[in-house]
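Participant:
Residue numbers (the working numbering), protein chains in the order written: chain A, 1133 to 1414; chain B, 474 to 796.
#1: Let's test the definition: count the other Cβ atoms within 10 Å of the Cβ of residue 1376 of chain A and tell me whether it reaches 16, buried, or not, exposed.
#2: Nearest chain A C-beta to residue 788 of chain B closer than 7 angstroms, yes or no?
#3: At what residues does the alpha helix (DSSP H) containing residue 640 of chain B begin and finish?
#4: The stretch 769-784 of chain B: which residues have C-beta closer than 8 angstroms to a C-beta of chain A, in chain order?
#5: Taking Cβ to Cβ, would you say residue 1250 of chain A is nearer than 7 angstroms to residue 1177 of chain A?
#6: For residue 564 of chain B, which residues of its own chain have a beta-carbon under 8 angstroms away from its beta-carbon, when the five flanking residues on both sides are left out?
#7: Can you name the start and end residues of the beta strand (DSSP E) that residue 647 of chain B belongs to?
#8: Assuming residue 584 of chain B and residue 546 of chain B make a contact with CB atoms under 8 angstroms, what is their CB distance in whole Å?
#9: Answer with yes or no whether the minimum CB distance from residue 1292 of chain A to chain B is below 7 angstroms.
#10: Considering only the beta carbon of each residue, do residue 730 of chain B and residue 676 of chain B sit closer than 7 angstroms?
#11: So, with DSSP's three-state summary, where would you put residue 596 of chain B?
#12: Mind pulling the chain A residues with CB within less than 7 angstroms of residue 752 of chain B?
#13: Which complete alpha helix (DSSP H) runs does the stretch 1274-1354 of chain A hold, if anything under 4 residues is left out?
#14: Return the bridge partner residues of residue 625 of chain B from the DSSP annotation.
#15: Report the neighbours of residue 594 of chain B on chain A: residues whose CB is nearer than 7 angstroms to its CB, in chain order.
#16: Buried or exposed for residue 693 of chain B, please, with buried defined as at least 16 other CB atoms from any protein chain shown within 10 angstroms of its CB.
#17: Count the CB pairs spanning the stretch 507-520 of chain B and the stretch 718-737 of chain B that are closer than 8 angstroms, and state whether there are at least three.
#18: Counting Cβ pairs closer than 8 angstroms, one from the stretch 1178-1186 of chain A and one from the stretch 1219-1228 of chain A, do we hit at least three?
#19: Looking only at its own chain, which residues have a Cβ that is under 6 angstroms from the Cβ of residue 1261 of chain A, when we skip the five neighbours before and after it?
#20: Run the CB neighbour count on residue 678 of chain B, radius 10 Å, all protein chains shown included, and call it buried at 16 or more, exposed below.
#21: Using a 10 Å radius around the Cβ and a threshold of 16 neighbouring Cβ atoms, would you call residue 1194 of chain A buried or exposed?
#22: Using the C-alpha atoms, what's the distance from residue 1364 of chain A back to residue 1409 of chain A?
#23: Does chain B have any CB closer than 7 angstroms to the CB of residue 1392 of chain A?
#24: Under 7 angstroms between C-beta atoms, does residue 1374 of chain A make it to chain B?
#25: Under 8 angstroms by Cβ, that's how I've got residue 1369 of chain A and residue 654 of chain B pegged, so tell me the actual separation to the nearest angstrom.
#26: Given this structure, state the Cα-to-Cα distance separating residue 1357 of chain A from residue 1333 of chain A, to the nearest angstrom.
#27: Answer yes or no: do residue 1284 of chain A and residue 1233 of chain A have a C-beta to C-beta separation smaller than 7 angstroms?
#28: Run through DSSP, which three-state label would residue 1147 of chain A get?
#29: The beta strand (DSSP E) spanning residue 662 of chain B covers which residue range?
#30: Would you check if the distance between the CB atom of residue 1169 of chain A and the CB atom of residue 1355 of chain A is smaller than 7 angstroms?
#31: Distance, Cα to Cα, residue 600 of chain B vs residue 652 of chain B?
#32: Output, in chain order, the set of chain B residues within a Cβ distance shorter than 9 angstroms of residue 1397 of chain A.
#33: Should residue 477 of chain B go down as buried or exposed, given a rule of 16 or more other Cβ atoms within 10 Å for buried?
#34: Quick one: measure Cβ to Cβ for residue 784 of chain B and residue 1382 of chain A, integer angstroms, because I've assumed they're closer than 8 angstroms.
#35: Give the interface partners of residue 654 of chain B over in chain A, defined as CB-CB distance under 7 angstroms, in chain order.
#36: Anyone know if the C-beta pair for residue 1325 of chain A and residue 1345 of chain A falls short of 7 angstroms?
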């Protein structure tokens, strides 16, 4: 009874979160777009939970039962780049039947997003912060580490490296996954719009292709509340606000700083502010 | 005096909103906590009531005949410090009235038009309706007394027009509590944090050496409007225009802060306050948590960080920013 009640509450919560993401998509596109739907995510999550239960019942045998006729054969530690949405959940579900794979979802703190809570409650999916993911992790002999890099979960700023267009809006994304794959010497893949894993040769190609995933009418993205913060327009505002606050802080402290000449710092702040804004607008 | 049925209806509506509008209630609660942790639901109720009264007064201005409106302003709209009002009226030079979007501020502007319009044109500087739809009603309300009022839209030509009006010793009303994160915005202290403000008011005052008077309009208990005036002043400028802009804007917001601490319920943007407050001031205990962010930003801007570190050390001498 308790099990079914918890399932029902989860479903209800995820339904509300999907509604919120639809609202956020509307904000992102400045329209009444509604393409965020559950797709088969609850089914995929249930399949993974079933795998977890089977493993815990027969721990010694380490067997797993999968609903997938063609699970993805993946034996290699790697970085997988994908938008947070139905396609990623489906991919993880297909890989999850391989009990040696352990997934690390890179994110600094848990966000309130559809299905994330259920995803993170699985035994072989762990949330890891950006800093920790870059460092060596303890690894069991039989374990293969898969790092899930979701571009919209990574820090971004106006000086982030990659610019791409989503629904006509310029967005910035960081080089984090590139750094991770280089530092750990792991191959990097991305989940393309046809839902195939493609080896990343150059991150700028990856972002071009990922932008198609974000806009695909067939896909369902569950993280519009995060994506809107990647818009150049919004990042510009954050940048102006931060630089203004730095300048204000120094002006506020100036009467107490008789021995320090802050004029060159103010000139440098003004110059850098102009340079960064102009570079982004050109 | 409001008819008793109307007053009861206003009170009932305010109470209904307090109970049912959970999202707004939460935003107001968070904002009020920033002003004074002792503020409770009564202030939220008073806010809803005040906003209803403002709507009612605006509608009255729109629907009244010019004569009725003149009569209402003469009989029911009053200033708490007539000598300050007189000083602004008789000042031989440009005058800037500064008010936030607070209470029935348009009525205060109409009082200026009625009392001072014979000698000086009263100009109001605000966002054009296409930029901020809530301003659409201002022109109609403020034009209720005829052609002694002149709107100036905050666009490319607006600042030049405003400067010209002030150079002709006219009156300009400015509302600095609306901002746009653009190159013209700055940060200044507000309720223990830095917040964004537009530098336009200070820019115009410094360029014209205008007399500045800050005013706050609040509904009184007799169905009228009280205009609270702060002492008019001219800012003593230095040879550092940017520091002067910062100092004057900070001064203006200090006055707004004082008024909001006393009676926050009349501020139209009260629910936004919580989200408007950014980095804590160095005097706040939470400031030390921000040191890494400040230095990271300075590094990303390729600034010479030694002077910033020494400034931060002075700011909070018990925190060692070199660690």
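Note that CB positions come from ideal geometry on N, CA and C, so glycine has one too.
Facilitator: Quick answer:
#1: If you number the first chain from 1, residue 1376 of chain A lands on position 244. By the 10 Å Cβ count, residue 1376 of chain A comes out buried.
#2: Walking along the second chain from the start, residue 788 of chain B turns up at place 315. It does: the Cβ of residue 788 of chain B has a partner Cβ on chain A nearer than 7 angstroms.
#3: Within the second chain, residue 640 of chain B is the residue found at index 167, counting from 1. Start and end: 631-640.
#4: 770, 771, 773, 774, 775, 776, 777, 780, 781, 783 and 784
#5: Locating residue 1250 of chain A in the first chain gives position 118, where the first residue counts as 1. Locating residue 1177 of chain A in the first chain gives position 45, where the first residue counts as 1. Contact flag set, yes.
#6: For this step, residue 564 of chain B is matched to residue 91 along the second chain. Contacts found: 684 and 705.
#7: Indexing the second chain from 1 puts residue 647 of chain B at position 174. In the DSSP assignment, residue 647 of chain B falls within the unbroken beta strand (DSSP E) covering 644-647.
#8: For the purposes of this step, residue 584 of chain B is identified with residue 111 of the second chain, where counting begins at 1. For the purposes of this step, residue 546 of chain B is identified with residue 73 of the second chain, where counting begins at 1. Confirmed, Cβ separation roughly 5 angstroms.
#9: Here the question's residue 1292 of chain A lines up with position 160 in the first chain. No, residue 1292 of chain A lies away from the interface with chain B (no Cβ there is under 7 angstroms from its Cβ).
#10: To locate residue 730 of chain B, count along the second chain from 1; it is residue 257. To locate residue 676 of chain B, count along the second chain from 1; it is residue 203. One thing to note: residue 730 of chain B has its Cβ no nearer than 7 angstroms to the Cβ of residue 676 of chain B.
#11: By one-based count along the second chain, residue 596 of chain B stands at place 123. It is a strand residue.
#12: One-based indexing of the second chain puts residue 752 of chain B at position 279. 1377 and 1381, listed in chain order.
#13: 1308-1316 and 1335-1347
#14: Locating residue 625 of chain B in the second chain gives position 152, where the first residue counts as 1. Paired residues: B:598.
#15: Looking up residue 594 of chain B in the second chain gives position 121. By Cβ distance, chain A contributes nothing, its closest Cβ being about 34 angstroms from residue 594 of chain B, past 7 angstroms.
#16: In the second chain, counting from the first residue as 1, residue 693 of chain B sits at position 220. Classification for residue 693 of chain B: exposed.
#17: yes
#18: Segments in contact, yes.
#19: For the purposes of this step, residue 1261 of chain A is taken as the residue at position 129 of the first chain. Counting only Cβ-Cβ distances below 6 angstroms, and skipping sequence neighbours, we find 1240.
#20: Indexing the second chain from 1 puts residue 678 of chain B at position 205. The residue is buried, with at least 16 neighbouring Cβ atoms inside 10 Å.
#21: The residue labelled residue 1194 of chain A in the question sits at position 62 within the first chain. Low confidence applies to residue 1194 of chain A: its pLDDT is 47, below 50, so where it sits in the model is not reliable, and the reading given next is rough at best. Burial call: exposed.
#22: What you label residue 1409 of chain A is simply residue 277 of the first chain in a count that begins at 1. What you label residue 1364 of chain A is simply residue 232 of the first chain in a count that begins at 1. Spanning the two alpha carbons is a distance of roughly 10 angstroms.
#23: To locate residue 1392 of chain A, count along the first chain from 1; it is residue 260. Answer yes: the Cβ-Cβ gap between residue 1392 of chain A and chain B drops below 7 angstroms somewhere.
#24: Numbered from its first residue, the first chain carries residue 1374 of chain A at position 242. Cβ-Cβ to chain B under 7 angstroms: yes for residue 1374 of chain A.
#25: Start at 1 with the first residue of the first chain, and residue 1369 of chain A comes out as number 237. Start at 1 with the first residue of the second chain, and residue 654 of chain B comes out as number 181. About 4 angstroms separates the two Cβ atoms, so the contact holds.
#26: One-based indexing of the first chain puts residue 1357 of chain A at position 225. One-based indexing of the first chain puts residue 1333 of chain A at position 201. Residue 1357 of chain A and residue 1333 of chain A: Cα-Cα distance of roughly 29 angstroms.
#27: Here residue 1284 of chain A corresponds to residue number 152 of the first chain, with the count starting at 1. Here residue 1233 of chain A corresponds to residue number 101 of the first chain, with the count starting at 1. Against a cut-off of 7 angstroms, the Cβ pair of residue 1233 of chain A and residue 1284 of chain A comes out as no contact.
#28: Looking up residue 1147 of chain A in the first chain gives position 15. In the structure shown, residue 1147 of chain A sits in a helix (DSSP, three-state: H, G or I).
#29: Walking along the second chain from the start, residue 662 of chain B turns up at place 189. It spans 658-663 - the beta strand (DSSP E) in which residue 662 of chain B sits, taken as one unbroken run.
#30: For the purposes of this step, residue 1169 of chain A is taken as the residue at position 37 of the first chain. For the purposes of this step, residue 1355 of chain A is taken as the residue at position 223 of the first chain. No, the pair does not count as a contact, with Cβ atoms beyond the cut-off.
#31: Taking the second chain and counting its residues from 1, one reaches residue 600 of chain B at position 127. Taking the second chain and counting its residues from 1, one reaches residue 652 of chain B at position 179. For residue 600 of chain B and residue 652 of chain B, the distance between alpha carbons rounds to 10 angstroms.
#32: Your numbering for residue 1397 of chain A matches position 265 in the first chain. Going along chain B in sequence order, the residues near residue 1397 of chain A (Cβ under 9 angstroms) are 771, 776, 777, 780, 781 and 784.
#33: Translated into positions along the second chain, residue 477 of chain B becomes position 4. By the 10 Å Cβ count, residue 477 of chain B comes out exposed.
#34: Within the second chain, residue 784 of chain B is the residue found at index 311, counting from 1. Within the first chain, residue 1382 of chain A is the residue found at index 250, counting from 1. The Cβ separation is near 6 angstroms, so the contact holds.
#35: Taking the first residue of the second chain as 1, we reach residue 654 of chain B at position 181. Simply 1369, 1372 and 1373.
#36: Against the first chain, residue 1325 of chain A aligns to sequence position 193. Against the first chain, residue 1345 of chain A aligns to sequence position 213. For residue 1325 of chain A and residue 1345 of chain A, yes; Cβs fall inside 7 angstroms.
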